[in-house]
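Read in order, the letters of the sequence shown correspond to residues 97 to 578 in the working numbering. Every residue, glycine too, gets a C-beta built ideally from N, C-alpha and C. Below you'll find the structure, written out as structure tokens, and then a few comments.
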Amino acid sequence: MPSRSVAIVGGGFGGVGAAAMLRRAGYDDVTVFERAERVGGVWHANTYPGAACDIPSHLYEFSFAPNPRWSRRYAPQAEIQAYVEAVAEEHAVDARTSTEVTAARWDGTRWRITTSAGDHEADVLLTACGQLSTPTVPPLPGLEDFAGPAFHTARWDHGVDLTDRRVAVIGTGCSAIQVVPAIQPQVRQVDVYQRSPGWTIPKLDFAYGERTSALFERLPLLRRADRAFILGIQEFGAAAMTRHPRLLPAIRAIGRARINRAIEDPELRAKVTPSDEVGCKRLMLTDDWYPTLTRDNVELVTDRIAEITPTGVRTEAGGERPADVIVLATGFASHAFVAPMEITGEHGTLAEAWGDIPRAYLGVTVPGFPNLFLLYGPNTNGGTGSVIFTIESAVGHVLAALEALERADADRIEVRRETAEAFDGELRDALAGTVWHSGCTNWYVDENGNDPSQWPWQWSTYRRRTASLAPGAYELTRTATR
Ligand code: NAP
Numbered sequence: 097m098p099s100r101s102v103a104i105v106g107g108g109f110g111g112v113g114a115a116a117m118l119r120r121a122g123y124d125d126v127t128v129f130e131r132a133e134r135v136g137g138v139w140h141a142n143t144y145p146g147a148a149c150d151i152p153s154h155l156y157e158f159s160f161a162p163n164p165r166w167s168r169r170y171a172p173q174a175e176i177q178a179y180v181e182a183v184a185e186e187h188a189v190d191a192r193t194s195t196e197v198t199a200a201r202w203d204g205t206r207w208r209i210t211t212s213a214g215d216h217e218a219d220v221l222l223t224a225c226g227q228l229s230t231p232t233v234p235p236l237p238g239l240e241d242f243a244g245p246a247f248h249t250a251r252w253d254h255g256v257d258l259t260d261r262r263v264a265v266i267g268t269g270c271s272a273i274q275v276v277p278a279i280q281p282q283v284r285q286v287d288v289y290q291r292s293p294g295w296t297i298p299k300l301d302f303a304y305g306e307r308t309s310a311l312f313e314r315l316p317l318l319r320r321a322d323r324a325f326i327l328g329i330q331e332f333g334a335a336a337m338t339r340h341p342r343l344l345p346a347i348r349a350i351g352r353a354r355i356n357r358a359i360e361d362p363e364l365r366a367k368v369t370p371s372d373e374v375g376c377k378r379l380m381l382t383d384d385w386y387p388t389l390t391r392d393n394v395e396l397v398t399d400r401i402a403e404i405t406p407t408g409v410r411t412e413a414g415g416e417r418p419a420d421v422i423v424l425a426t427g428f429a430s431h432a433f434v435a436p437m438e439i440t441g442e443h444g445t446l447a448e449a450w451g452d453i454p455r456a457y458l459g460v461t462v463p464g465f466p467n468l469f470l471l472y473g474p475n476t477n478g479g480t481g482s483v484i485f486t487i488e489s490a491v492g493h494v495l496a497a498l499e500a501l502e503r504a505d506a507d508r509i510e511v512r513r514e515t516a517e518a519f520d521g522e523l524r525d526a527l528a529g530t531v532w533h534s535g536c537t538n539w540y541v542d543e544n545g546n547d548p549s550q551w552p553w554q555w556s557t558y559r560r561r562t563a564s565l566a567p568g569a570y571e572l573t574r575t576a577t578r
């Protein structure tokens with residue numbers, strides 16, 4: 097029976113999934129700390145109208161907890177939230193909600209963890225803080241003086257009735273393209289402020305009927321075949337965006353054709369057609385974005401925002417467009433990783449070790465930070481793929497590391513600096529040739545060209561490389577009397 101105690105920071109898919117997998121592997125001292133009042137992570141936080149997954153649900157679920165009864169090909173937010181909560185309950189995950197971890201310090205043998213509800217100790221620390229959990233509010237002049245409600249998509253104010261209101265939505269990323277079609281029928285006017293457009297491809301969403309759900313339930317092979325099919329499509333996208341750019345024109349042609357099909361007005365067509373390479377910004381899946389932009393009560397504004405006034409938005413072209421409500425669909429501080437939590441290892445903090453660019457071996461381990469594992473850590477995001485698949489792979493690596501500790505009767509495991517540096521070199525070389533670095537603004541690459549976000553290979557490669565510990569990659573030591 098494995099005996100290590102494990103603390104996990106974050107109760108989203110990463111934290112709940114890790115806790116469930118650890119419990120399945122026989123670890124019974126596993127504690128999840130979640131600052132929100134419920135588990136669920138981004139699916140608890142993002143309740144904006146139209147919120148849904150843009151990865152088909154049979155891949156956006158844990159392989160060990162299949163759900164044959166998703167209502168749609170792409171499940172809506174509430175259903176995904178219910179799924180995470182059900183997985184936590186089924187695996188008796190000990191989740192301490194409304195408890196924020198503010199700091200963690202390695203004391204030479206264990207992790208000492210400071211939380212808003214008191215101190216905690218554990219042999220092993222996992223962080224599962226997500227990459228999209230801290231909303232970005234852009235420094236728009238005048239925003240604080242806006243007279244009406246203004247909120248971020250990830251902090252949707254359900255107390256505000258949008259019926260017959262004039263709404264300004266700032267941003268045209270994945271969140272905006274879900275919000276705008278959802279609120280358009282209800283509002284008087286929606287102005288969408290676009291800084292630069294992104295490419296879209298068809299979502300082809302549909303509801304599963306009772307017969308299909310019953311078939312998925314009775315024939316697990318069918319569900320697994322569907323999962324493999326979805327993974328195959330994601331792998332095709334990953335290949336196009338990383339090593340096989342010759343596949344990109346086909347995707348771009350799909351994107352261009354649907355713009356031309358949905359929009360007749362040449363001016364609007366031009367506004368929504370990106371000039372940068374398909375996949376450089378995150379590819380967006382939607383069936384209703386372009387048709388919504390052609391509605392009478394929708395205006396796509398491409399003039400830069402000069403300032404927010406108390407009653408609307410003034411653009412650099414001059415003129416003010418009135419607004420009663422402002423919705424900030426402006427994304428997340430995706431490069432903060434574990435911040436604002438302070439993690440102190442053997443020689444200083446993680447923030448100091450990282451400097452300008454967060455780095456981790458396979459996105460999971462950092463030299464100088466024994467028994468620490470990051471989930472959905474640096475360079476484990478993709479332009480395609482399911483983060484659930486990524487998380488399961490990373491937890492597989494954690495389990496392999498813990499097994500190695502048990503086998504060696506050791507109590508400390510740390511990635512060797514040479515291993516981490518060699519991996520980082522390999523990663524940076526591979527990243528240079530990817531579409532994400534082809535010259536656009538996206539949330540993967542920072543203003544200095546650093547990329548702490550993307551995995552530049554296939555997802556099957558991530559699964560393979562994390563499945564076991566490469567010989568000599570880690571140093572195992574015994575420090576305490578166990
Ligand atoms: P995002 O993709 O980062 O988009 C932010 C948008 O705000 C961009 O259009 C950006 O313009 C614009 N923006 C930022 N600052 C601005 C400013 N000062 N003035 C004007 N416009 C500004 O954020 P997101 O839409 O929330 O999506 C983030 C990620 O969350 C997605 O890529 C995806 O991975 C995930 N997500 C997933 C789903 C799902 O279905 N699974 C749904 C929603 C989100 P520029 O492009 O010009 O920078």
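Limits of the alpha helix (DSSP H) - the one that residue i falls within
i	result
residue 386	385-389
residue 489	483-504
residue 80	Here the chain has residues from 97 to 578 only, and residue 80 is not among them.
residue 309	306-314
residue 595	What is shown of the chain runs 97 to 578, which leaves residue 595 out entirely.
residue 426	Run containing residue 426: none; DSSP gives neither H nor E here.
residue 184	173-186
residue 138	138-141
Residue i Cβ short of 8 Å to ligand 1 heavy atom set
i	result
residue 298	no
residue 378	yes
residue 402	no
residue 160	no
residue 475	no
residue 268	yes
residue 332	no
residue 539	yes
residue 234	yes
residue 550	no
residue 472	no
residue 386	no
residue 426	yes
residue 290	yes
residue 521	no
Helix, strand or coil at residue i according to DSSP, with G and I counted as helix
i	result
residue 247	strand
residue 337	helix
residue 356	helix
residue 437	coil
residue 455	coil
residue 64	Within the shown structure, residues of the chain are numbered from 97 to 578, placing residue 64 beyond reach of any answer.
residue 128	strand
residue 268	coil
residue 274	helix
residue 412	coil
residue 214	strand
residue 196	coil
residue 151	coil
residue 224	coil
residue 432	coil
residue 515	helix
residue 287	strand
residue 344	helix
residue 330	helix
residue 532	helix
Proximity below 9 Å, CB of residue i to CB of residue j
i	j	result
residue 484	residue 401	no
residue 342	residue 553	no
residue 144	residue 227	no
residue 293	residue 268	yes
residue 220	residue 468	yes
residue 466	residue 444	no
residue 529	residue 330	no
residue 146	residue 128	no
residue 423	residue 233	no
residue 476	residue 570	no
residue 125	residue 159	no
Exposure label - residue i; buried when at least 16 CB within 10 Å
i	result
residue 307	exposed
residue 153	buried
residue 213	exposed
residue 163	buried
residue 302	exposed
Endpoints, the beta strand (DSSP E) within which residue i is located
i	result
residue 561	Counting along the chain, residue 561 falls outside any beta strand (DSSP E), though it belongs to the alpha helix (DSSP H) covering 555-562.
residue 565	Careful: residue 565 lies outside any beta strand (DSSP E) and carries neither H nor E.
residue 395	394-397
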